[in-house]
Amino acid sequence: MVRENKGSGKRRQQQKKKKSPAVEENVTPTTLPPLKEKKSAAKKRKQVVEEVGDVEVDEVEEKQKKKRKRYDSDFVIHCKPNGLCEIVGALKGAQEEDVKAVGFGGMLRISGISVTKTDLIRWLVERFNGRSQMLTISDRVSFVVTSDNICDLFLLPNGGLEVVRTEVKKDVPNRLLVEWEEKYGFKRTMSLTDMKKILETKFGDVGAPDFQRLFVLYSISSFLAPVSSQKMDWGLLECVGDVGKIASYNWCSYVLDRLCQGVETFRTCPTSKNISGCVLVLQILYFQRLKWKGRAEPSSLPLIQHWTTEKFKPRMREEIYAGGWGQGEWMMSMYPISGNVAGANDDEGSRENERAEVAGKKGEGVDDGCAQEGGPVQPTKSIHLS
Numbered sequence: 020m021v022r023e024n025k026g027s028g029k030r031r032q033q034q035k036k037k038k039s040p041a042v043e044e045n046v047t048p049t050t051l052p053p054l055k056e057k058k059s060a061a062k063k064r065k066q067v068v069e070e071v072g073d074v075e076v077d078e079v080e081e082k083q084k085k086k087r088k089r090y091d092s093d094f095v096i097h098c099k100p101n102g103l104c105e106i107v108g109a110l111k112g113a114q115e116e117d118v119k120a121v122g123f124g125g126m127l128r129i130s131g132i133s134v135t136k137t138d139l140i141r142w143l144v145e146r147f148n149g150r151s152q153m154l155t156i157s158d159r160v161s162f163v164v165t166s167d168n169i170c171d172l173f174l175l176p177n178g179g180l181e182v183v184r185t186e187v188k189k190d191v192p193n194r195l196l197v198e199w200e201e202k203y204g205f206k207r208t209m210s211l212t213d214m215k216k217i218l219e220t221k222f223g224d225v226g227a228p229d230f231q232r233l234f235v236l237y238s239i240s241s242f243l244a245p246v247s248s249q250k251m252d253w254g255l256l257e258c259v260g261d262v263g264k265i266a267s268y269n270w271c272s273y274v275l276d277r278l279c280q281g282v283e284t285f286r287t288c289p290t291s292k293n294i295s296g297c298v299l300v301l302q303i304l305y306f307q308r309l310k311w312k313g314r315a316e317p318s319s320l321p322l323i324q325h326w327t328t329e330k331f332k333p334r335m336r337e338e339i340y341a342g343g344w345g346q347g348e349w350m351m352s353m354y355p356i357s358g359n360v361a362g363a364n365d366d367e368g369s370r371e372n373e374r375a376e377v378a379g380k381k382g383e384g385v386d387d388g389c390a391q392e393g394g395p396v397q398p399t400k401s402i403h404l405s
């Protein structure tokens, strides 16, 4: 009996410890303070914004940054014009004349281009067929990119000897490389950064045959026809060995061929993330042919002189706000300009004057008709391809 009383007493104590219903009714639920709304970086700095139409720039820029994060790692562009822009900006006197003498005078007009990896370039690369050289904007608008288009952009020699790459073998000494190693102390694995320093520091204000050779090789390796994102391309040593013959080669066709090969490799190889060649060509040709908001872009040659990174950005923003790429009037008959200039083997200076004159005449009587009987094309949506 004693054991039973002790057990019952414990049960009574446990029941007393439990809260009574009356006490539970008086308990008020605890209310948590509301979460503070996090302000985005755009809201914090959005005091005065520039407006394009009815869309605020900051809002669209934030959206584009988020979209870029999703696919920026999907491709790598080897075309890097910023180093060439810096070199050209520092050239003086005799060096400029030496550049013109080898047919690369059009490159002296490049400036202010630092970024080439853009949403538009990815969009254009997916629509450029490297085999047929056809750039297809929509079902109604497409055009073939030719060496004359390259000439419009850069005024490089367009005609003459074929540019042939010859791989430099490690076990076979090359006369120029051996000579340059003794003079300037560089190796076959020369980076673009090291070559840029040599061009800026080793020649001063005085031009020289070596400067002409290295300027051409650097322009090709870094911008016009890059095959690697960091290294010099020595495959063209045979073409620059005789300085007097550099202007005799068809550099426009070479630049176009390397672009077609680079884009086609990227498009057809699922594992490829690198895009070789001067993909900036596609973007500038797109802008030049599209009459945006009733305004045609300047057509004086070389066309590269009219474009900088700061001019690219607002133009691309406006097209995105309007609904996507490819809207507007397409001037299909105006370009290429260089194809209408005779005398491909004449003096480079006279050819530049002729091309500028033809561009001026075409600008006065621009055919505003678009492909397939004219009119604006249907808008193509701004999408990010993976």
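If you count the sequence shown from 1, you need to add 19 to reach our numbering. Just so it is clear, CB atoms sit at the ideal spot from N, CA and C, and this is done for glycine as well.
Per DSSP, the beta bridge partners of residue 155 are 161. Taking the CA atoms as reference points, residue 326 sits about 43 Å from residue 190. Within 10 angstroms of the beta-carbon of residue 314 lie fewer than 16 other beta-carbons, which makes it exposed. Within its own chain, the residues whose Cβ lies closer than 8 Å to the Cβ of residue 312, once the five positions on either side in sequence are excluded, are 337, 347, listed in chain order. Sequence-distant Cβ neighbours of residue 167 in its own chain, meaning closer than 6 Å and more than five residues away, are 355, 357, 358. Per DSSP, the unbroken alpha helix (DSSP H) holding residue 287 starts and ends at 270–287. Straight through space, the alpha carbons of residue 256 and residue 216 are spaced by roughly 20 Å.
With respect to residue 288, residue 274 sits apart: the two C-beta atoms are not nearer than 8 Å. For residue 266, there is no enclosing alpha helix (DSSP H), as DSSP marks it with neither H nor E. In this model, residue 227 and residue 335 are separated by some 41 Å (Cα to Cα). Between residue 101 and residue 178, the gap from beta carbon to beta carbon reaches 8 Å or more. As a beta-bridge residue in DSSP terms, residue 210 pairs with 250. If you draw a straight line from the Cα of residue 204 to the Cα of residue 331, it is about 39 Å long. In the three-state reduction of the DSSP assignment, residue 184 falls in the coil class, being assigned neither a helical nor a strand state. A straight line joining the alpha-carbon of residue 244 with that of residue 238 spans about 8 Å. For residue 242, the secondary structure class from DSSP, reduced to helix, strand or coil, is helix. Look at the beta carbons and you see the region 110–130 touching the region 220–236: at least three pairs across the two are nearer than 8 Å.
Residues 306, 307, 325 of the same chain have their beta carbon placed closer than 7 Å to that of residue 316, with the five preceding and five following residues left out of the count. Note on geometry: alpha-carbon atoms of residue 140 and residue 276 lie some 18 Å from one another. A distance below 6 Å between beta-carbons, with the five flanking residues on each side excluded, links residue 130 to the following residues of its chain, in chain order: 104. Look at residue 175 here: in three-state DSSP terms it is coil, with no helix or strand label. If you draw a straight line from the Cα of residue 309 to the Cα of residue 230, it comes to about 38 Å. In this structure, the alpha-carbon of residue 158 lies about 18 Å from that of residue 352.
Contact between residue 132 and residue 328 holds: CB atoms are separated by about 6 Å, below the 8 Å threshold. As DSSP reads the structure, residue 314 sits in a beta bridge with 311. A straight-line Cα-Cα distance of about 10 Å links residue 240 and residue 210.
The DSSP-derived three-state label of residue 193 is coil. Per DSSP, the beta-bridge partners of residue 348 are 310. Spanning the alpha carbons of residue 271 and residue 294 requires a straight line of approximately 19 Å. For residue 107, the enclosing alpha helix (DSSP H) begins and ends at 101–109.
Taking residue 156 as the centre and dropping the five residues before and after it, the same chain places the C-beta of 345 closer than 6 Å to its C-beta, in chain order. Assignment of residue 147 by DSSP, reduced to helix, strand and coil, places it in the strand class. Bridge partners of residue 293 according to DSSP: 95. Per DSSP, the continuous alpha helix (DSSP H) segment holding residue 117 begins and ends at 112–120. Spatial neighbours of residue 259 in its own chain (CB-CB distance under 7 Å, excluding positions within 5 residues in sequence) are listed in chain order as 232, 235, 236, 265.
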